[in-house]
Amino acid sequence: MDDIYPGWDGLRAGAQYLNQHILTPITQGQAASWQIWDWGNNQRGAPTEPANGWRSFEGGNLVIVEGCGSISKAARDLAQICIWVESDAPTRKQRYSDRDDGIFDEFYLAWSIQEDEFYQAESSQELADLIISN
Numbered sequence: 000m001d002d003i004y005p006g007w008d009g010l011r012a013g014a015q016y017l018n019q020h021i022l023t024p025i026t027q028g029q030a031a032s033w034q035i036w037d038w039g040n041n042q043r044g045a046p047t048e049p050a051n052g053w054r055s056f057e058g059g060n061l062v063i064v065e066g067c068g069s070i071s072k073a074a075r076d077l078a079q080i081c082i083w084v085e086s087d088a089p090t091r092k093q094r095y096s097d098r099d100d101g102i103f104d105e106f107y108l109a110w111s112i113q114e115d116e117f118y119q120a121e122s123s124q125e126l127a128d129l130i131i132s133n
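Counting from 0, one number per residue, gives the positions in the sequence shown under numbering that gives the first Met the number 0.
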């Protein structure tokens, strides 16, 4: 999901992009095609990447999507199984900070608000087939 969120305020838009460009084509037996998000330039596409950041997937036996916003009502209809990984708030915040040595700590509050709103609107945890406490 990190490659497809359109910026720090794009959790919901990233979930929609996932469904439209990746999950829907795959479930219809078609190739998925998507363009990564260039976080440094705040735009879709990456001039320093091959094919300007376009990626594709032409099918296989298993597709695993992980990240905030990957379980939505629309995604649930397209997925064979959904797994919710749960951690308490202090642990989540610490892992967020540790992941990139605190570089993005200023975005934590805004991002966590988006998560809470998304998960409530989409009933993400309730849609999961399995819940793992981590």
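Ideal Cβ positions, reconstructed from N, Cα and C, are used throughout, including at glycine.
| query | result |
| --- | --- |
| Does I3 pass the burial test, meaning 16 or more other C-beta atoms within 10 Å, or should it be called exposed? | buried |
| Alpha carbon to alpha carbon, how far is S132 from S86? Give it in angstroms, no decimals. | 6 Å |
| Helix or strand or just coil, what does DSSP make of F103? | coil |
| Grab the span of the alpha helix (DSSP H) containing E125 for me, first residue to last. | 123-126 |
| Looking only at its chain, what residues have a beta carbon closer than 8 Å to the beta carbon of R91, apart from the 5 residues adjacent to it on each side? | S111 |
| What do you get for L22, buried or exposed, if any count of 16 or more other CB atoms within 10 angstroms of its CB means buried? | buried |
| Across which residues does DSSP place I130 in a beta bridge pair? | W83 |
| Identify every residue that forms a DSSP beta bridge with W33. | R54 |
| With DSSP as the reference, label Q93 as helix, strand or coil. | helix |
| Go ahead and pull the three-state DSSP assignment for Q27. | coil |
| Leaving aside the five residues before and after Q113 along the sequence, list all residues of the same chain whose C-beta is less than 6 Å from its C-beta, in chain order. | L10 |
| Buried or exposed, going by whether 16 or more other CB atoms sit within 10 Å of the CB of P46? | exposed |
| Do R43 and P89 count as a contact pair if the criterion is CB distance below 9 Å? | no |
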